[in-house]
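S.K.: Numbering (the numbering used here), first residue to last: 219 to 641. All residues carry an ideal CB built from backbone N, CA and C; glycine is no exception. This is the structure I have questions about; it appears just below.
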């Protein structure tokens, strides 16, 4: 049983002395409570929710709430608290559409901090914020709408006016969705210096399509983050559309205007036993950026592909561990370079490459006994690939490379221990 009990959060004295602005200075309260893996029950058609070891109080009336599994078809139910009957029983504004009676349930409830935080970034706060860095406190800031990062702050040379949102640690500071939304954090399309996001967690509560949705700009840096429990992808870069099966909505689409983005030392995952019991995210990373770098990351529990790269410019993945049982751990369009990455289970193939220019060096493929997967899958005739040195386990060598019907590889180097043929 895990509980995040967030009392009314106050600013640290050290922050005040060093004049580091916090969202608490501008009206956010960050009082959201998260109950994860707790006993809870609500009947379909009822508005009465029972959580035996909760501590609801009269001050919780009016707060937003999300209850995992109680929505239509077992999706998550979002609404508000209208009445507190006891410390363990409340009445919701909306009835459950699916009965929930579990010992490993999830709910989150709190004040909507989105209006206060968005006022900061839009310049509407009093006093007005005009500094480069903003802090999230230790605790949980619940949001009922997307946090819109200020893409208009773009003209400064050498990163001047580049916004930084920093938490107190990725396990200590959180932004948590309390209502359905496109993304918990969104950055607009267009030419601008992207924001830097450091040291906090982003949780979509099974309600948000994306954790972070970066639609444009360049030179942003994300580090030490969690991107958890989003419906489509934890981290989304660019605007190229894909279908739910991972194929391109427009096969002729190219990369979008996202450049030189960096993400490192972060985890993208979903809790499919408690928060997202109705279904795993489609992707972990959904990326159409160019010249961007991803390193020292764990990406897990997607259903289609943990990494889906749809760009047509070079991107670089280093020390990325993708695991679970998706169709593919890595599904690329082409011109992508992987170094020391790991495939840890897949149902169809560890890596799929649809166009020219896959480079894979070192790394490993393990737990390849889930389904009947190939190591590398090339569905069409492509070339200029270089695959050198991955250690592949649990599948026969004839499955290390699989080609689509009529497909051939040209001008490629493939050197895998145990594979006799070199293309």
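Using the Cα positions of residue 475 and residue 321, report the straight-line distance between them to the nearest angstrom.
M.R.: The alpha-carbon atoms of residue 475 and residue 321 are separated by roughly 46 Å.
S.K.: What distance in whole Å lies between the Cβ atoms of residue 511 and residue 480, which are believed to be in contact at a cut-off of 8 Å?
M.R.: Residue 480 to residue 511, Cβ: 5 Å. Contact.
S.K.: May I ask you to list the residues that DSSP assigns as paired with residue 454?
M.R.: DSSP lists 431 and 504 as partners of residue 454.
S.K.: If I follow the unbroken alpha helix (DSSP H) through residue 340, where does it start and stop?
M.R.: 332-340 is the extent of the alpha helix (DSSP H) around residue 340.
S.K.: Can you find the residues in the same chain that come closer than 7 Å, C-beta to C-beta, to residue 514, ignoring five residues on each side of it along the sequence?
M.R.: Counting only Cβ-Cβ distances below 7 Å, and skipping sequence neighbours, we find 482, 483 and 537.
S.K.: What is the residue span of the beta strand (DSSP E) that residue 467 lies within?
M.R.: Unbroken run through residue 467: none, as it is neither H nor E.
S.K.: Would the beta-carbon of residue 354 fall within 8 Å of that of residue 252?
M.R.: No, Cβ-Cβ distance for residue 354 and residue 252 is not below 8 Å.
S.K.: Please tell me whether residue 435 and residue 394 are closer than 8 Å, where the distance is taken between their beta carbons.
M.R.: Contact flag unset, no.
S.K.: Just curious, the beta strand (DSSP E) that residue 215 is in, first and last residue?
M.R.: Nothing can be reported for residue 215, as the shown portion of the chain is limited to 219 through 641.
S.K.: Roughly how many angstroms lie between the CA atoms of residue 162 and residue 369, to the nearest whole one?
M.R.: The question about residue 162 has no answer here: the residues shown for the chain are numbered 219 through 641.
S.K.: Would the region 579-591 count as touching the region 611-628 if we require 3 or more Cβ pairs under 8 Å?
M.R.: Touching, yes, given that three or more Cβ pairs across the two stretches are closer than 8 Å.
S.K.: So, helix, strand or coil for residue 618, using DSSP?
M.R.: Coil at residue 618, not helix or strand.
S.K.: Residue range of the beta strand (DSSP E) that residue 446 falls in?
M.R.: First-last of the beta strand (DSSP E) with residue 446: 439-446.
S.K.: Apart from the five residues on each side of it in sequence, which residues of its chain come closer than 7 Å, Cβ to Cβ, to residue 264?
M.R.: Only 313 and 314 meet the Cβ criterion.
S.K.: Assign residue 604 to one of three DSSP states: helix, strand, or coil.
M.R.: It is a strand residue.
S.K.: Are the Cβ atoms of residue 560 and residue 532 separated by less than 8 Å?
M.R.: It is not a contact, given that the beta carbons lie outside the stated cut-off.
S.K.: So, is residue 404 buried or exposed, given that buried needs 16 or more other C-beta atoms within 10 angstroms?
M.R.: Burial call: buried.
S.K.: If you measure between the beta carbons of residue 463 and residue 494, is that distance less than 8 Å?
M.R.: Cβ distance not < 8 Å, so residue 463 and residue 494 don't count as in contact.
S.K.: From the DSSP output, which residues share a beta bridge with residue 538?
M.R.: Per DSSP, 515.
S.K.: Measuring straight from C-alpha to C-alpha, what distance separates residue 278 and residue 318?
M.R.: Taking the straight line from one Cα to the other gives about 21 Å.
S.K.: Is it right to say residue 347 is buried, meaning 16 or more other beta carbons lie within 10 angstroms of its own, or is it exposed?
M.R.: So residue 347 counts as buried.
S.K.: Is the distance from the Cβ of residue 504 to the Cβ of residue 451 below 8 Å?
M.R.: Yes, the Cβ-Cβ distance between residue 504 and residue 451 is below 8 Å.
S.K.: Would residue 343 and residue 302 qualify as a contact pair, given that the criterion is a beta-carbon distance under 8 Å?
M.R.: Their beta carbons are not under 8 Å apart, which means residue 343 does not touch residue 302 by this criterion.
S.K.: Nearest by alpha-carbon distance to residue 646: which of 628, 619 and 289 is it?
M.R.: The structure shown has nothing for residue 646, since the chain only spans 219 to 641.
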